[in-house]
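The next block holds one structure in the form of structure tokens; read it before the comments.
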Amino acid sequence: FVFGKKQSTHCRVEYGIGSYNPKRRFNLNCCIESTFRLMNSYIVSLYNNLILSIKCGNGISGKSIAKPLFILSIFECIAMGDLNENKIMFNDNRLKKIYTAFARYYEEVKLTPIILPYYHLGSSDFYHLVWCEKNRPPYNGNTPSEKYLRENLLYAKFDDELWEILQDAESREHIRRNIITRFLTKQ
-16 FVFGKKQSTH
-6 CRVEYGIGSY
4 NPKRRFNLNC
14 CIESTFRLMN
24 SYIVSLYNNL
34 ILSIKCGNGI
44 SGKSIAKPLF
54 ILSIFECIAM
64 GDLNENKIMF
74 NDNRLKKIYT
84 AFARYYEEVK
94 LTPIILPYYH
104 LGSSDFYHLV
114 WCEKNRPPYN
124 GNTPSEKYLR
134 ENLLYAKFDD
144 ELWEILQDAE
154 SREHIRRNII
164 TRFLTKQ
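Residues -16 to 170 (the numbering used here) make up the sequence shown, in order.
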């Protein structure tokens, strides 16, 4: 006699009293896998929302799309296997070429130098600049020069959780499509 059943797409758990039936055993591996998928989906959604909430500066013809293009360029480098660790270098030639190609494709009126989104994306919660010193050295200007960054910055990086998510092609593609829809699709 079974009082109730809870059915999901991945696990089946039955509640009730009666004789033990080994066919009705709780499948722990299945539920752990379902929980992992649910948590991963939540984390992908969280980072998707963080990325879609980046603030874009003003460009020549309205809002600049340099930050979204830069993020898409990083995604492309990951997909092509050119970026294997969570260290994003602003002087990476492959990253620069992809960024330039995306800017041409999405018809950015005047190419924003890659140093601008590289540096200013540091104001986002998911992207971090790693300085040579423990704290950021003092700087009086808005955007430091390439020379200043070469001398004082080690690299930039995503949150470790975001980096792990981006290793999965399906999750990366989901976020990529949303970036294109939000920032690069003309309405």
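Glycine included, every Cβ here is placed at the ideal spot set by N, Cα and C.
Specify, as a first and last residue, the run of the alpha helix (DSSP H) that residue i falls within.
| i | result |
| --- | --- |
| residue 140 | Run containing residue 140: none in the alpha helix (DSSP H); it sits in the beta strand (DSSP E), 136 to 141. |
| residue 53 | 49 to 63 |
| residue 83 | 76 to 88 |
| residue 99 | 98 to 103 |
How would you label residue i, buried or exposed, when you count the other beta carbons within 10 angstroms and need 16 or more for buried?
| i | result |
| --- | --- |
| residue 25 | exposed |
| residue 81 | buried |
| residue 110 | buried |
| residue 119 | exposed |
| residue -16 | At residue -16 the pLDDT is 36, less than 50, meaning the model places this residue with poor confidence; the figure from the coordinates comes in the next sentence. So residue -16 ends up on the exposed side. |
| residue 50 | buried |
| residue 56 | buried |
| residue 69 | buried |
| residue 125 | exposed |
| residue 162 | buried |
| residue 160 | exposed |
| residue 60 | buried |
Please classify residue i: does DSSP put it in a helix, a strand, or coil?
| i | result |
| --- | --- |
| residue 23 | helix |
| residue 71 | strand |
| residue 161 | helix |
| residue 125 | coil |
| residue 117 | coil |
| residue 130 | helix |
| residue 148 | helix |
| residue 91 | coil |
| residue 28 | helix |
| residue 37 | coil |
| residue 106 | helix |
| residue 66 | coil |
| residue -10 | Low per-residue confidence applies at residue -10: pLDDT is 45, beneath 50, and the placement is therefore not dependable, though the value from the model is reported in the following sentence. Three-state result, residue -10: strand. |
| residue 156 | helix |
| residue -5 | Note that residue -5 has pLDDT 46, beneath the 50 cutoff, so the model's placement of it is unreliable and the number below is only indicative. In the structure shown, residue -5 sits in a strand (DSSP, three-state: E or B). |
| residue -16 | Note that residue -16 scores 36 on pLDDT, short of 50, meaning its location in the model is unreliable and no value can be drawn from it. |
Which stretch, first to last residue, makes up the beta strand (DSSP E) that contains residue i?
| i | result |
| --- | --- |
| residue 112 | 110 to 114 |
Please confirm whether residue i has its beta-carbon closer than 8 Å to some beta-carbon of chain D.
| i | result |
| --- | --- |
| residue 75 | Absent from the structure is chain D; it holds one protein chain and no more. |
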